[in-house]
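Residue numbers (the numbering used here), protein chains in the order written: chain A, 182 to 552; chain B, 1358 to 1627; chain C, 10 to 294.
In structure tokens, the structure reads:
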């Protein structure tokens, strides 16, 4: 293992080949990841995928069996959590119950050389930052969930860490509060300019707030990219199914050209796929994916678009801003595929049982090599 | 439903009467102006309490007991806290068995403990004095202390400790500012219960004291003298009241121990 | 709730108490066991291994009687206390409402008062010139004091029941509390009346508490010294008294050790028996 002590300084956090197991279960399986200074980065994945473990490794509460952690260019493998330039907002907020708000927020300043007035000043600023002006003497037991979260944020940010780590900070809040806090966290991050690393299982959260998202499954990071790219060009099939909804079709391989590969599906016909939309190592099968919003319905009497196919409506749901359809293709196919129409006014509105003609754009398709 | 409710209530009250009635005899006969403990009563008097004031051996025994009780409970609480901390925060080989071993005195009859300790002390040629009793009592009390502190640490969310470290405090600072205040009700409960156990303990003290008796050993020796009976009753009354006060304190602190658990988990937590 | 690193630090914490326990528990028990195989001549120990002490302890009638009596008394006390403890624990758990903690507190207070004094009070109460006799004579119910009250096994049983009853209540209460009330609602819904519900659901689920209570009462009772000495008289003495005598007056520490080891074995076997029965009983359900 080649241990360098100074590493790529552009990345405020650099994880190299991290491995961590608990009782023979691989929680983190050879993960390498770089987080840029000043960005809002989210680690997204289902429960148990290892994202919280990875966060705790950055914080210093877990020690990896293999691999190196660099923070601000320095190897911190042997550095204890209290000496790292990171601070964490815990999932249950960990507000000290026997200290009031101001004592909680100013807790980390005890080990600095500031005098009482300077500390009081900083506490004042931190409380203003999170919208808790005047809460100084409030007892911890008298705080609501949202208020505790703000105290936890103030307490961490007052120390001006290089990286703020957040462990599912919004999961304990109710829906409306969650949405409001998503917005506020984003604003907060922009105004203080600190790197935020947030762990969540909620994809809406990750996609709304982040500059970049790292998607994890079973201890591995499948893709790190901007929210748009994660959504439009998911690099593995599991990312594709985890993010948003996706219709998958198994296809037959036809031929390979310089920029495209052609496949054939019994109901969808021949399709030309852009190589840039195809992911995975060369294998024998290609599974293609089309998002429900990329299926459109042809007008009954109008001209059919180029890539059209026939289907039968078997489900219909009105969701307010969208209309969702479930369709079957062909006689023997009982798998229901989904269409999502947002332009309800200008699109035909077939009923259940009707035969319709559906079309799509080849450029909107992503594909994955499989065995 | 209501009928069986009443039957139960009667049984419970009858039981409580049965439980408490004998103890009521203590104050009754402590103030009884008679050298004999029997009915009918002979009028009010406080001479038995006055007699206690002049019993020097009693005062010595009391002093010994207090010394032993305070020492044993402090030692046992320290040991119990170490065990509890190891048990609730760390994973290591041989954990279950070593902790079970430390809890064994809970299920040994005290006389066996007394005999064993006496045997060892004699074999080692050591003197029997107050410190031998302190050792014996510490061994006896440590399991109780362990159990109380395990409960205290379980009520202390580990994320609070991690948060403290994360915010830059050292382990010692975390201990001083976060852990200690939050487990202090448990510490006090442990000290109280250890104190009471030691104060009242007879058998081990009986085996292990040399010339200096403890209070229970002194009381035991008084049973032989019928003339001393009333003043012994008076002493019992005093001990009863002291015990009641200590019990109430213990209960108060035990309830405060539960308090922090609710808050550290977070009010909105599912 | 652990620091997840598999840690040697655990042993650093556990080290001192563990060593303390080794020296004050393991070593003494081992020493006592060794002692039980030696013999004592007045004040000197003869350190040759012999089974004489055990032969005496197990086969001499005087010791056999003592062991048998200790066992019977303990089992009787255990039985009686649990018989009363169960309804009381039941009442507090199911009808106690908000005052449950208060009831329990009232019941456990006696634990904190001097055990010595409590047992002594029974001597005072049951004696020839004691409280009960003088009370009955004063009332005119009897003309002469009753003699059968004190200085026999019955007095020992009575005093022990009084002393240990609160301990039986607590574990039973705890396991009754753990019974999910929605199970009871479900069984009512499925046709159980109160009686069958008790035998089919409540009793089996409370068994761990009952077994706990059995052990909490049985083990200390069989080794009790104070109560038989105070209220037992010659007919009510138990094994602990003999152990003490052998140790001090009779100058026969090895025999005392053998008696102690035997007591430990009896206690161990019966405890295991109860725990085993408990598992078997639960498995049938």
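Where is the CB? At the ideal position from N, CA and C, for every residue including glycine. In this text, all values refer to a predicted model and were calculated from it rather than measured experimentally.
Here residue 387(A) has 223, 225, 381, 394 as same chain residues with Cβ atoms under 6 Å from its own Cβ, once five neighbours each way along the sequence are excluded. Less than 8 Å separates the beta-carbon of residue 1524(B) from that of residue 340(A).
Interface annotation, residue 1593(B): in contact with chain C, CB-CB separation under 8 Å.
Using a CB distance cut-off of 8 Å, residue 1443(B) counts as an interface residue toward chain C. In the DSSP assignment, residue 516(A) falls outside any beta strand (DSSP E) and carries neither an H nor an E.
The contact set of residue 1527(B) on chain A, defined by CB atoms closer than 7 Å, consists of 263 in chain order. Taking CB atoms only, residue 1480(B) has a neighbour in chain C less than 8 Å away. By the Cβ criterion, the stretch 1428 to 1445 of chain B is in contact with the stretch 1502 to 1515 of chain B, since at least three pairs of Cβ atoms, one from each stretch, lie closer than 8 Å. Rounded to the nearest whole angstrom, the CA to CA distance from residue 230(C) to residue 128(C) is 13 Å. Residue range 384 to 390 is occupied by the alpha helix (DSSP H) that includes residue 385(A). Residue environment: residue 147(C) is assigned as exposed (fewer than 16 neighbouring CB atoms within 10 Å of its CB, all protein chains considered). In terms of Cβ geometry, residue 525(A) and residue 454(A) do not form a close pair [threshold 8 Å]. By the Cβ-count criterion, residue 11(C) is exposed, with fewer than 16 other Cβ atoms from all chains shown falling within 10 Å of its own Cβ. Distance between residue 1542(B) and residue 1610(B), taken at the CA atoms: about 5 Å. Counting along the chain, the unbroken beta strand (DSSP E) around residue 467(A) starts and ends at 466 to 471. Its chain contains 1456, 1459, 1503 as the residues whose beta carbon lies nearer than 7 Å to that of residue 1440(B), once the 5 sequence neighbours on both sides are disregarded; these appear in chain order. Here DSSP, grouped into helix, strand and coil, assigns residue 260(A) to coil. Setting aside the 5 residues that flank it on each side, residue 165(C) is surrounded in the same chain by 82, 236, 237, 240, 241, 245, each with a C-beta closer than 7 Å to its C-beta; the list follows chain order. Close partners of residue 1409(B) in chain A (Cβ separation under 9 Å) are lacking, with about 43 Å as the shortest Cβ gap. Less than 8 Å divides the Cβ of residue 376(A) from the Cβ of residue 219(A).
Listed in chain order, the alpha helix (DSSP H) elements of length 4 or more contained wholly in the stretch 249 to 328 of chain A are 282 to 286, 297 to 310. Taking the CA atoms as reference points, residue 1584(B) sits about 24 Å from residue 1560(B). In this structure, DSSP gives residue 1495(B) a helical state, which the three-state scheme calls helix.
Residue-level contact by beta carbon fails for residue 242(C) and chain B, as no gap is shorter than 8 Å. Around residue 127(C), the beta-carbon contacts reaching into chain B at under 8 Å are 1379, 1380.
When secondary structure is reduced to three states using DSSP, residue 136(C) falls in the coil class, being assigned neither helix nor strand. Residue-level contact by beta carbon holds for residue 269(A) and chain B, with a gap shorter than 8 Å.
Taking 8 Å as the cut-off, the beta carbon of residue 490(A) is found closer than this to the beta carbon of residue 539(A). The beta carbons of residue 471(A) and residue 444(A) sit about 13 Å from each other, so the pair does not count as a contact at 8 Å. Between the alpha carbons of residue 405(A) and residue 1498(B) lies a gap of roughly 57 Å. The alpha carbon of residue 1371(B) has as its nearest neighbour, out of 85(C), 100(C), 67(C), the alpha carbon of 100(C). Under DSSP, residue 1564(B) shares a beta bridge with no residue.
Runs of alpha helix (DSSP H) with 4 or more residues, each lying fully within the stretch 1412 to 1480 of chain B, are found at 1413 to 1446, 1452 to 1460, 1467 to 1480, listed in chain order. Residue 272(A) places its beta carbon 8 Å or farther from that of residue 321(A).
Under the Cβ criterion of 8 Å, residue 1608(B) is not counted among the residues facing chain A. Counting C-beta pairs with one atom in each stretch, the stretch 246 to 257 of chain C and the stretch 216 to 225 of chain C have fewer than three that are closer than 8 Å, which means they do not touch.
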